[in-house]
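Q:
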Amino acid sequence: MLTVNAYAATSATEPLAPTTIERRDLGPDDVLIDIRFSGICHSDIHTARSEWGPARYPIVVGHEIAGVVREVGSAVTKFAVGDRVGVGCLVDSCRECDNCRKGLEQYCRNGSTGTYGGVGRDGEPTQGGYSQAIVVTEDFVLRIPDGIELDAAAPLLCAGITTYSPLRHWNAGPGRRVAVIGMGGLGHMAVKLAHAMGAEVTVLSQSLKKREDGLRLGADHYYATSDEDTFTTLAGSFDLIINTVSATLDMDAYLRLLAVDGTLVNVGAPEKPLSVHAFSLIPARRSFAGSNIGGIAETQEMLDFCAEHGLGAEIEVIPAEKINEAYERVLASDVRYRFVIDASTF
Ligand code: NAP
Ligand code: ZN
Ligand code: ZN
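Each residue of the sequence shown is one higher than the one before, counting from 92 in the working numbering.
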């Protein structure tokens, strides 16, 4: 077993604090990864604070992992020492159900294993990326293409794939009008990706404070949702809306912005339920959908797409001691646009 430094949440209300955790011995198909950078996803905060149900403390969160292979098990074929690699939200799944066989491990019928908060092959609770190293079975390790720096790549492993997957599934591309609600970690990646796919992109943010950035990242239009006129001006005008907001919104107001046959995909995962009035859907054959991260093959496809289009996340690199401060800034929508922890400071 390998003992590594980490930062853990010990209760829903205490700040995260330094600790050590054990990583399992390398099995034949395992890869030991030296973590270089670890992104801070809003899901880490929801989990650390037990907002989605009680967490099992102490818990080390973090599922946007970028690093370098330190050691490989005897049967590993896809990776070698020194390779640049990533790990996202999943570290295992049953691999046998129909969904796993289709590359939809995130919808595994037998429950995929989360990078944190799950139960690992050793029967121990899985612990995530706010740590110096991690052991992961090779089928759940991604290759980070040379063209993307490791720090800017880390957030792609969750924020990137979570927005890429619905954009692809609902055919974002030329001639399609895509709106993104919320310009945080997921939202800014949705803007970059939808633009790279050729869609016409609109940001719907609470204010115009981040307008310049939004346009620079690829948005064609930028509106403040605090302005009531936004909802009349844009009524019936989008084919696809990606909602990345971590809080409960008035979904009916946003559904009315969809054109006939338009779809609003919820990726934001607020603590409280979202309600929808039937008459926000019926008059224009609209759909209200959800989407969960992406499968392993699709995550690799997304990384390759980002390398081809020169995309990475907009990041602010912080030392581990600033994690709690960063959490407060994320909660205040003051993130530009993803905090990434320098793993050498754990
Ligand atoms: P984030 O960086 O905090 O971004 C969320 C953005 O939503 C904020 O920057 C803000 O953008 C907007 N917002 C926040 N509070 C709001 C409010 N009360 N009203 C209106 N807008 C508000 O969070 P993130 O890391 O992108 O994650 C977003 C959500 O997605 C979280 O709930 C997370 O758990 C979830 N998530 C889901 C999946 C999945 O697979 N479905 C994967 C990862 C994350 P503006 O300032 O531009 O308004
Ligand atoms: Zn995440
Ligand atoms: Zn399965």
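Heads up, the beta-carbon is just placed ideally off N, CA and C, and yes, glycines get one too. All values derive from a computational prediction rather than experimental measurement.
Heavy atom of ligand 3 less than 6 Å from the Cβ of SER165, yes or no?
A: Incorrect: SER165 has no Cβ contact closer than 6 Å to ligand 3.
Q: List the whole-angstrom C-beta distance separating ARG175 from LEU123, where the pair is believed to meet the contact cut-off of C-beta under 8 Å.
A: Contact flag wrong, Cβ pair sits at about 14 Å.
Q: Name the DSSP beta bridge partners of PRO85, please?
A: This structure cannot speak to residue 85, because the chain is shown only from 92 to 437.
Q: Beta-carbon within less than 6 Å of PHE430's beta-carbon, same chain only, minus the 5 sequence neighbours each way: which residues are those?
A: Hits under 6 Å: ILE131, GLU407, ILE409, ALA417.
Q: Cβ-heavy atom distance between CYS249 and ligand 3 below 6 Å?
A: No - ligand 3 has no heavy atom lying nearer than 6 Å to the Cβ of CYS249.
Q: Quick check: the region 315 to 330 against the region 289 to 300, are there 3 or more CB pairs under 8 Å?
A: Enough Cβ pairs lie closer than 8 Å, so yes.
Q: For the putative contact between TYR198 and MET393, defined by C-beta atoms under 8 Å, what is the C-beta separation to the nearest angstrom?
A: No, TYR198 and MET393 are not in contact; Cβ-Cβ is about 17 Å, not under 8 Å.
Q: CB THR253 to CB ILE384, shorter than 7 Å?
A: Yes, the Cβ-Cβ distance between THR253 and ILE384 is below 7 Å.
Q: Based on the DSSP output, what are the partners of GLU113 in its beta bridges?
A: Bridge partners of GLU113: THR94.
Q: Assign GLY251 to buried or exposed, taking buried as 16 or more other Cβ atoms, counted over all protein chains shown, within 10 Å of its Cβ.
A: Under this definition GLY251 is a buried residue.
Q: With a threshold of 8 Å on Cβ separation, who are the neighbours of GLY401 within its own chain once the five nearest residues in sequence on each side are excluded?
A: GLY238, listed in sequence order.
Q: Spell out the partners DSSP gives TYR314 in its beta bridges.
A: For TYR314, which the question treats as bridged, DSSP gives the partners LEU295.
Q: Can you tell me whether ASN383 sits near ligand 1, meaning its C-beta is under 6 Å from at least one heavy atom of the ligand?
A: Within the cutoff, so yes.
Q: Would the beta-carbon of LEU107 fall within 7 Å of that of ILE373?
A: Their beta carbons are not under 7 Å apart, which means LEU107 does not touch ILE373 by this criterion.
Q: I'd like to know whether the C-beta atoms of PHE329 and ARG376 end up nearer to each other than 7 Å.
A: No.
Q: Pick helix, strand or coil for PHE170, following the three-state DSSP scheme.
A: Three-state result, PHE170: coil.
Q: What's the C-alpha gap between GLU419 and GLN218?
A: Those two C-alpha atoms are separated by around 22 Å.
Q: Could you please give the first and the last residue of the uninterrupted alpha helix (DSSP H) stretch that includes ARG307?
A: From DSSP, the alpha helix (DSSP H) with ARG307 extends over 302 to 308.
Q: In this structure, what does DSSP give as the bridge partners for GLN222?
A: The residue you asked about is not Gln; residue 222 is Ser in the sequence shown. Its beta-bridge partners are ALA97.
Q: So the alpha helix (DSSP H) VAL282 belongs to, where does it begin and stop?
A: Element bounds for VAL282: 276 to 287.
Q: Between GLY191 and ligand 2, is the CB less than 6 Å from at least one heavy atom?
A: One point to set straight first is that residue 191 is Cys, not Gly, in the sequence displayed. No, the beta carbon of CYS191 sits no closer than 6 Å to any heavy atom of ligand 2.
Q: Could you spell out the range, first to last residue, of the alpha helix (DSSP H) harbouring VAL160?
A: From DSSP, VAL160 is part of no alpha helix (DSSP H) but of the beta strand (DSSP E) over 156 to 163.
Q: How many Å lie between ILE150 and SER102 at the Cα?
A: Approximately 9 Å, taken between the alpha carbons.
Q: Examine ligand 2 and report whether any of its heavy atoms sits within less than 6 Å of the Cβ of CYS397.
A: It does not: the Cβ of CYS397 is nowhere closer than 6 Å to a heavy atom of ligand 2.
Q: Could you give the uninterrupted runs of the alpha helix (DSSP H) lying entirely in the region 235 to 275, keeping only those of 4 residues or more?
A: As far as the region 235 to 275 is concerned, its whole alpha helix (DSSP H) runs of at least 4 residues are 241 to 244, 250 to 260.
Q: Nearest CA to the CA of LEU181: which residue from ASN190, VAL227, ARG307, PHE396?
A: Among ASN190, VAL227, ARG307, PHE396, the Cα nearest to that of LEU181 is on VAL227.
Q: Taking the alpha-carbon of GLU187 as reference, which of VAL178, GLY179, ARG200 has the nearest alpha-carbon?
A: Minimum Cα distance to GLU187 is reached at ARG200.
Q: Please work out which residues of its chain come closer than 6 Å, Cβ to Cβ, to ALA310, disregarding the five sequence neighbours upstream and downstream, and give them in chain order.
A: Closer than 6 Å at the Cβ level, and outside the excluded window around ALA310, lie VAL282, VAL292, VAL294.
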